[in-house]
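Number of protein chains: 2
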Amino acid sequence: MSGNDKAEVTLFVCTSCRRTLDETETLFDHPGEAIHAAMEARLADEPAIRVEAVDCLAVCKRPATVALSGDGFWTYLVGDLTAEANLDEIEAATRAYLASGNGIIPWRERPVSFRKGVVARMPPLPGRARPAAATPNSTIRNKEAAAS
Amino acid sequence: MSGNDKAEVTLFVCTSCRRTLDETETLFDHPGEAIHAAMEARLADEPAIRVEAVDCLAVCKRPATVALSGDGFWTYLVGDLTAEANLDEIEAATRAYLASGNGIIPWRERPVSFRKGVVARMPPLPGRARPAAATPNSTIRNKEAAAS
């Protein structure tokens, strides 16, 4: 973990997700480990972002899974991510999440993997919500429902 | 929503989840609406619990979905819930969640629908975690992974 106290948002990376590497399902790796290491390095320049490894986000069928969360922000859980294919998109989405101010990244700014990989989202806790972004929630909702 | 300011935990109920009622998928209802109404009534005696309707938790394939969350608590998202089958279990799980102190309900106290229906979980934000419950996290994790 980055350990800073100025973080506004946190990128949780599940490092226990197992990815099967053969048909007999006896060989597997943990793709979240490489994602976590890469994001710690790539996002070290941004004190408002904290990167945390998590032992199980309970989305085991869609390795690897990450979660973006912050006090007053909408939370997003996104799966089907790999270090081989998605590092640039995870980094970009995390920066866009911080910039959104309230956790709702405008649809056109979301990487493809974050449009298709959403496992769940959740509002901020009551009384903690930040100002809404310019994009209306209803538009976001309908597109999210259609993509899932 | 209950609107109280003393809530320690929030039960979010997705009221936009569609449940298909025929094979052609042209008929559907929103099972979360009845769950939300029932939980508002059943949990009105507990000022530490707030019940909130949410317009889309983005878990559209597993209607209806709820989320349990609170400052310093682990968050749990649970799907496949209906008003016909699960009201007693949702109420019991919400009360057990509050009683857990940190959001991790001991496995033996979790209703079956909350063991099998977990969509995702997420830790509290860094620096906000409450004291761990008596049940070790590692045991919980392994059981959650096996059940998903």
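Protein chains in written order, with the working numbering: chain A, 88 to 235; chain B, 88 to 235.
All residues carry an ideal CB built from backbone N, CA and C; glycine is no exception.
Item                                                                                                                                                                        : Value
Can you have a look at residue 115/B and say buried or exposed, based on whether 16 or more other CB atoms are within 10 angstroms of its CB?                               : exposed
Consult DSSP for residue 89/A and reduce its assignment to one of helix, strand or coil.                                                                                    : Annotation note: pLDDT 45 at residue 89/A (below 50); position unreliable, coordinate value reported separately. In the structure shown, residue 89/A sits in coil (DSSP, three-state: anything other than H, G, I, E or B).
To the nearest angstrom, how far is it from the Cα of residue 207/B to the Cα of residue 130/A?                                                                             : 25 Å
Taking residue 207/B as part of the beta strand (DSSP E), name the residues at either end of that continuous run.                                                           : 205-209
Could you name the residues of the segment 91-102 of chain B whose beta carbon sits closer than 8 Å to any beta carbon of chain A, in the order they occur along the chain? : 92, 94, 97, 99
Rounded to the nearest angstrom, how far is the Cβ of residue 213/B from that of residue 160/B, given a contact under 8 Å?                                                  : In fact, because the Cβ distance is near 14 Å, the residues do not count as touching under 8 Å.
From what residue to what residue does the alpha helix (DSSP H) around residue 129/B run?                                                                                   : 118-129
Taking the C-alpha atoms as reference points, what is the distance between residue 136/B and residue 185/A?                                                                 : 29 Å
Mind the definition here: the segment 175-185 of chain A touches the segment 150-157 of chain A only if three or more C-beta pairs lie below 8 Å; say whether that holds.   : yes
By DSSP, does residue 160/A sit in helix, in strand, or in coil?                                                                                                            : coil
Assuming contact is defined by CB atoms lying nearer than 7 Å, are residue 119/B and residue 151/B in contact in what I supplied?                                           : yes
Short of 6 Å in beta carbon distance, which residues of its chain neighbour residue 149/A, apart from the five on each side in sequence? Order them along the chain.        : 166, 167
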